[in-house]
Amino acid sequence: MKEDHLDIKTPEYVAIQFQIAGLGSRAAAFIIDQLLLMLVNILIVVALFFVMDGFEQLPFFLTSSSFPIAVVVIGFFILNWGYFFFFEFFSGGRTLGKKIVGIRVIQENGHSITLLSSFIRNLVRLIDSLPTAYFLGIVMIFFHSKHKRLGDLAAGTIVVHERKPKKKKKLTPIEKEINHRGISGNDLEIDEWSLKSFSAKDWKLISTYANRFNQLPLEERNQLTNQIADLLLPKTGINVNGKNDTELENDLLVLYLILKDEWEFEL
């Protein structure tokens, strides 16, 4: 594992790399979450004050000093603990703070966090918050090689940065032309023996033809198409006789796609 990176190999043997979220990003997300919870808590307290103030005649057990306090304490615990549990499981490992910062919780195998993992992770949050101000959790995240707190160790989870989608590669003119014609490398089957008969010189010839395809005047392009088709297409077993210019162009462009996979990174 590279520093601050996690490499995960899927069952299909595809390697996926995640950037591990450090103390700074996790602290920022936690502060945002706490501010949101504080605002909700204040609004609930204010609402309860006005509601309770409106009921003067309540049963004795509701007006005793311990019962209302116990109900409020339990309610606030469920709210503040359930916030992290609910959002991390039902929102793809993201609380509102994590979503704003751009981090999320996942399983160590790269899968989404499970219900049990979310429950364990957030239950152990009570220990991570000891002795005060989340001290134990901060120390663990800072010193652990994968920036894990106790909750992550117990639940088998890890916090990573969101993987940004790759920008769509801008198509070249010849790629646009190929897409427009609706052709692909699968449109022509070439056996291994025939494929090996093409040399580096052949690849340079057809790649030059493809790259200049849209720049050539029609008459010159048709002439060049017929010349190259007579040279290269017979190696694939294609009979060029009786084919019009468009059909020959399509065959050459398909051959270009096939040879591109073989030769593009060889030279």
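Heads up, the sequence shown is in my numbering, so the first residue is 791 and it goes up one at a time. Think of the CB as a built atom: it goes at the ideal place given N, C-alpha and C, for glycine as much as any other residue. In this text the structure is predicted, and so the values were computed from the model without any measurement.
From this set, the options, which residue's C-alpha is nearest residue i's C-alpha?
i	options	result
residue 815	834, 1040, 1029, 949	949
residue 1008	1045, 1036, 821, 1052	1036
residue 968	864, 930, 860, 1048	1048
residue 1051	942, 975, 965, 826	975
residue 896	970, 943, 1019	943
residue 1043	887, 874, 1003	1003
residue 934	884, 898, 813, 914	813
residue 834	863, 818, 811, 817	863
residue 991	1046, 890, 893	1046
residue 806	899, 868, 837	899
residue 1053	1038, 986, 1034	986
residue 1010	1030, 972, 1039	1039
Output the boundary residues of the alpha helix (DSSP H) element that contains residue i.
i	result
residue 1015	1008-1022
residue 1036	1035-1053
Got a sec: does the ligand MN put a non-hydrogen atom nearer than 8 angstroms to the Cβ of residue i?
i	result
residue 840	No copy of the ligand MN appears in this structure; indeed no ligand is present at all.
Is residue i buried or exposed, if buried means 16 or more other CB atoms sit within 10 Å of its CB?
i	result
residue 795	exposed
residue 808	buried
residue 901	exposed
residue 954	exposed
residue 1032	exposed
residue 851	Bear in mind that the predicted position of residue 851 carries a pLDDT of just 48, short of 50, making it unreliable; the figure below should be weighed with that in mind. Looking at its Cβ environment, which holds fewer than 16 other Cβ atoms inside 10 Å, residue 851 is exposed.
residue 1027	exposed
residue 916	exposed
residue 770	Limits of the chain in this structure are 791 at one end and 1057 at the other, which puts residue 770 out of reach.
residue 878	buried
residue 962	exposed
residue 922	exposed
residue 937	buried
residue 981	exposed
residue 932	exposed
residue 891	buried
residue 1068	Residue 1068 cannot be examined here, being either before or after the span of the chain that is shown, 791 to 1057.
Terminal residues of the continuous beta strand (DSSP E) containing residue i?
i	result
residue 806	805-809
- Query: What residue ranges within the stretch 902-989 form continuous alpha helix (DSSP H) runs of no fewer than 4 residues, ordered along the chain?
  - Reply: If we require 4 residues or more, the alpha helix (DSSP H) runs fully inside the stretch 902-989 come out as 905-913, 915-918, 925-933, 940-945, 963-971, 982-986.
- the stretch 869-876 / the stretch 905-912 touching (three or more Cβ pairs under 8 angstroms): In short, these stretches touch, since the Cβ pair count reaches three.
- Message: So within the stretch 859-895, which uninterrupted alpha helix (DSSP H) runs reach at least 4 residues, ignoring any that extend past its ends?
- Response: The alpha helix (DSSP H) runs of length 4 or more contained entirely in the stretch 859-895 are, from start to end of the chain, 886-891.
- Message: Would you call the stretch 1020-1029 in contact with the stretch 991-1002, where contact means no fewer than 3 C-beta pairs closer than 8 angstroms?
- Response: With a cut-off of 8 angstroms on Cβ pairs, the stretch 1020-1029 is in contact with the stretch 991-1002, counting three or more such pairs.
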